[in-house]
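These protein sequences, in sequence, are chains A and B.
Throughout, our numbering is defined as the position within the first sequence, counted from one, plus 42.
Throughout, our numbering is defined as the position within the second sequence, counted from one, plus 42.
Protein chains: 2
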Amino acid sequence: MTITEVSKKYDISQDTLRYYERIGLIPAVNRRKNGIRDYTEESCGWIELAKCMRSAGIPIEALIEYCALTQQGDSTIGARKELLVEERRKLLEKMEDMQKTMDKLNYKIDRYEKAEVTGVLSWDK
Amino acid sequence: MTITEVSKKYDISQDTLRYYERIGLIPAVNRRKNGIRDYTEESCGWIELAKCMRSAGIPIEALIEYCALTQQGDSTIGARKELLVEERRKLLEKMEDMQKTMDKLNYKIDRYEKAEVTGVLSWDK
DNA sequence: TCTTGACTTGGAGTTCACTCCAGATGATAA
DNA sequence: TTATCATCTGGAGTGAACTCCAAGTCAAGA
């Protein structure tokens with residue numbers, strides 16, 4: 043696949059695709075003789091992973107390390123697992139924060155809805 | 043309360059507290075004669091709200107607008123509600139993204155755990 | 001009285017994650 | 001053949017959200 047196709051398929055700009063490769067967030071992509079990128083199915087798998095992880099806010103640094111470990115072969119399986127477990131822990135924490143914020147938003151919206159009916163908005167400790 | 047106390051209570055740096063006030067993310071804080079901040083219970087409520095919303099990634103711009111609307115009185119109740127509803131919608135979307143990432147992390151960690159037992163890690167389409 | 005320490009301001013600096021750009025090259029269509 | 005278009009590289013620029021700093025004020029303790 044060309045970079046244009048991959049960019050459309052995953053809705054990631056070409057600049058970002060090149061950037062991810064440059065910083066090692068995904069392994070080097072195959073090239074044709076003339077130097078033009080030719081994404082394999084495996085490359086696409088990495089792109090998809092990157093998009094998924096980044097959309098949840100997993101930091102770029104962690105993903106670079108994960109990618110580097112992967113390229114060092116099976117001896118790093120334990121380290122890779124640890125890395126993912128740690129990111130999962132942080133993600134869970136963030137999800138809990140978000141749930142708290144969601145609860146607060148629901149509470150406030152509910153109060154505003156009642157205020158729209160009664161015309162009264164009491165102070166909110 | 044002094045800024046030092048508020049900073050400790052909510053675990054937010056003094057610089058950030060001043061910054062939030064400067065950009066209008068919270069209403070102006072009361073001052074003593076000499077210009078030193080004296081946070082009331084209401085100020086603390088705003089700080090708590092700011093911390094909660096920011097921890098979930100609600101953008102600063104939206105919070106500034108919410109704060110501004112609040113200071114314009116009851117005529118903005120509808121607009122404030124709409125703003126919160128919109129931020130809730132975006133937050134829900136983010137939480138769904140995170141859940142997908144969480145699923146993927148669980149799947150991958152599970153595969154690594156099996157690989158640690160069997161010594162085999164098949165490639166992951 | 002002198003020094004220490006908390007507080008003030010406005011503005012500059014930092015970090016993260018892109019995003020854009022200039023200049024070059026190579027392929028395609030008229 | 002000429003013009004247009006996709007792609008390449010390295011490096012500069014951007015926006016969001018802080019974070020730090022210099023220079024000044026003020027109150028309290030030795």
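Glycine included, every Cβ here is placed at the ideal spot set by N, Cα and C.
Computed from a predicted structure; not experimentally measured.
Residues near residue i in its chain [Cβ-Cβ closer than 8 Å; skip 5 each side]
i              : result
R74 (chain A)  : D80
I106 (chain A) : I65, G66, L67
L125 (chain A) : A104, E107, Y108, L111
N72 (chain B)  : R79, D80, Y81, T82, S85
Q113 (chain B) : P69
Inter-residue CB distance, residue i and residue j (contact presumed, cutoff 8 Å)
i              : j              : result
K123 (chain A) : I151 (chain B) : 6 Å
Y61 (chain B)  : A92 (chain B)  : Going by Cβ atoms, the distance from Y61 (chain B) to A92 (chain B) rounds to 10 Å, so no, they are not a contact pair.
E83 (chain B)  : Y52 (chain B)  : E83 (chain B) to Y52 (chain B), Cβ: 13 Å. No contact.
Y154 (chain A) : I119 (chain B) : 6 Å
M137 (chain A) : M95 (chain B)  : About 16 Å separates the two Cβ atoms, so there is no contact after all.
Chain B within 8 Å of residue i, Cβ atoms only
i              : result
A157 (chain A) : yes
C109 (chain A) : no
M43 (chain A)  : no
C86 (chain A)  : no
L105 (chain A) : no
Test: residue i CB closer than 8 Å to a CB of chain A
i              : result
A98 (chain B)  : yes
D53 (chain B)  : no
K50 (chain B)  : no
L67 (chain B)  : no
D139 (chain B) : yes
L163 (chain B) : yes
K116 (chain B) : Note that residue 116 (chain B) is Asp in the sequence shown, not Lys. So yes, D116 (chain B) belongs to the interface.
K75 (chain B)  : no
Sequence-distant residues of the same chain with beta carbon closer than 6 Å to residue i, five excluded per side
i              : result
E129 (chain B) : I100, A104
Q56 (chain B)  : I45, S49
M43 (chain B)  : Y81
Paired residues, beta bridge with residue i - DSSP
i             : result
M73 (chain B) : Inspection of the sequence shows that residue 73 (chain B) is occupied by Arg rather than by Met. Partner(s): B:R79.
7 Å Cβ shell around residue i - same chain, five flanking residues per side excluded
i              : result
A98 (chain A)  : L133
W88 (chain A)  : I68, P69
A209 (chain B) : The question about residue 209 (chain B) has no answer, for chain B in this structure spans 43 to 167.
T143 (chain B) : none
E47 (chain A)  : none
| task | Would you list, in chain order, the members of the segment 142-153 of chain A that have their beta-carbon closer than 8 Å to a beta-carbon of chain B? | result | K142, T143, M144, K146, L147, N148, K150, I151
| query | Of all the residues that make up the segment 118-132 of chain B, which are near chain A by a beta-carbon distance shorter than 8 Å? | reply | I119, G120, R122, K123, L126, V127, E129, R130
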